[in-house]
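Add 5 to a position in the sequence shown, counting from 1, and you land on the number used in the working numbering.
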Amino acid sequence: MRREALRLLAQVERQGLDITDTYRHGDAFSDRFGDFKRFIDKVDHFHVFVDLVEERLPQFEPAKRDALARHLAEIRWRIIVVEVDSTQVFLVRIGESGKPWPLGSREFLQRRLHRLDEFLEYYDRHGQEYGLIPLGSAMLHAVEDLLKAQIERAPGLEDFSYGVSAEAEPPPPQLRARPAPRNKRSRRQPPPPPAAPPPRLRVREMAGRFYVERDGIVAVTEACRTANMSMDQLATKIGVSRASLVLMLNGNDPISRGPLDMLRNFITQNGGIAA
6 MRREALRLLA QVERQGLDIT DTYRHGDAFS DRFGDFKRFI DKVDHFHVFV
56 DLVEERLPQF EPAKRDALAR HLAEIRWRII VVEVDSTQVF LVRIGESGKP
106 WPLGSREFLQ RRLHRLDEFL EYYDRHGQEY GLIPLGSAML HAVEDLLKAQ
156 IERAPGLEDF SYGVSAEAEP PPPQLRARPA PRNKRSRRQP PPPPAAPPPR
206 LRVREMAGRF YVERDGIVAV TEACRTANMS MDQLATKIGV SRASLVLMLN
256 GNDPISRGPL DMLRNFITQN GGIAA
């Protein structure tokens with residue numbers, strides 16, 4: 006049984022590396038629903054394997070069991086971060102393209118919205134114990150808002166038990182009644198102000214190089230919406246490719262002084278704050 010647990014652990018590690026290498030920069034996504042659905046299927050399959058290993062941890066002695074539990078939590082959390090980042094990238098792209106969602110995608114998006122709560126609950130249980138880096142609240146709010154906006158556009162499945170389309174029904178009660186992640190967080194923190202703060206672009210300097218904070222893409226997405234400009238158009242304007250711009254806005258790649266100054270000007274001209 007221990008050998009089987011270690012075999013499954015090796016499978017978890019391979020799947021985690023495959024997902025991270027393939028999807029962490031958003032290059033594997035277009036604006037097609039099928040691309041994103043394949044990604045979610047891979048992620049769900051990965052979490053099943055993690056669950057299987059965790060079920061076998063009691064077979065190990067305490068020290069080994071604790072080390073494996075920490076290792077699994079760290080791998081799982083890395084994939085959760087990739088899932089949140091990738092969800093945001095895809096929603097921005099399909100929102101810009103205006104492509105229609107396929108039948109039944111409303112339920113799929115509702116599940117993605119519910120996942121945000123599950124991520125917060127997982128961090129509440131294990132974040133401090135294993136030293137996990139919390140997800141940025143600005144990014145979570147942005148993904149939440151993007152999901153809600155696309156849920157309104159996405160068609161639901163037909164309810165054959167009543168012989169009417171789900172589209173003819175009122176909005177699903179769980180969407181209106183269930184606490185959104187924002188409200189859930191407000192139990193631990195003061196409620197957010199009624200007016201949303203202006204998008205803020207934060208930049209840090211490290212060893213003479215400039216890096217945008219991870220929530221930079223949120224500020225730029227809001228500024229693009231205000232300017233009625235796509236991310237592709239903005240990338241062309243500042244002289245970089247869209248892929249390079251996304252990498253810089255996610256804090257993965259440094260940004261040089263020229264594009265940074267242009268980005269700061271764009272943010273401030275469209276109601277944001279560049280720091």
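Note that beta-carbon positions come from the ideal geometry of N, C-alpha and C, so glycine has one too.
Which partner residues of methionine 234 appear in the DSSP bridge assignment?
-> Answer is none; methionine 234 lacks a bridge partner.
What does a CB cutoff of less than 7 Å around isoleucine 45 pick up in its chain, not counting 5 residues either side in sequence?
-> none
Could you tell me the boundaries of the beta strand (DSSP E) in which glutamate 66 lies?
-> For glutamate 66, there is no enclosing beta strand (DSSP E), as DSSP marks it with neither H nor E.
Note down, in chain order, each residue of its chain lying with its Cβ closer than 8 Å to the Cβ of valine 148, except the 5 sequence neighbours on either side.
-> Val89, Thr92, Gln93, Leu96, Leu121
Which residues in the same chain have their Cβ closer than 6 Å to the Cβ of lysine 153, if we skip the five residues on either side of it in sequence?
-> none
Do you know how far the Cα of leucine 57 is from the Cα of alanine 143?
-> Rounded to whole angstroms, the separation of the alpha carbons of leucine 57 and alanine 143 is 33 Å.
If you count every other CB in all the chains shown that lies within 10 Å of the CB of glutamate 218, and 16 or more means buried, which is it?
-> buried
Among all the DSSP beta bridges, which residues are the ones paired with phenylalanine 215?
-> Glu210, Ile260
What does a CB cutoff of less than 6 Å around histidine 131 pick up in its chain, not counting 5 residues either side in sequence?
-> Ala78
Contact set for isoleucine 24: own chain, Cβ-Cβ below 7 Å, skip 5 residues either direction = For isoleucine 24, the CB contacts under 7 Å within the same chain, skipping 5 residues up- and downstream, are Lys47, Val48, Phe51, Ile84, Val87 in chain order.
Which residue's Cα is closest to the Cα of glutamate 18: Glu9, Thr27, Ser35, Val55?
-> Val55
The alpha helix (DSSP H) spanning isoleucine 156 covers which residue range?
-> 142–158
In this structure, does DSSP put glycine 136 in helix, strand or coil?
-> Three-state DSSP puts glycine 136 in coil, outside helix and strand.
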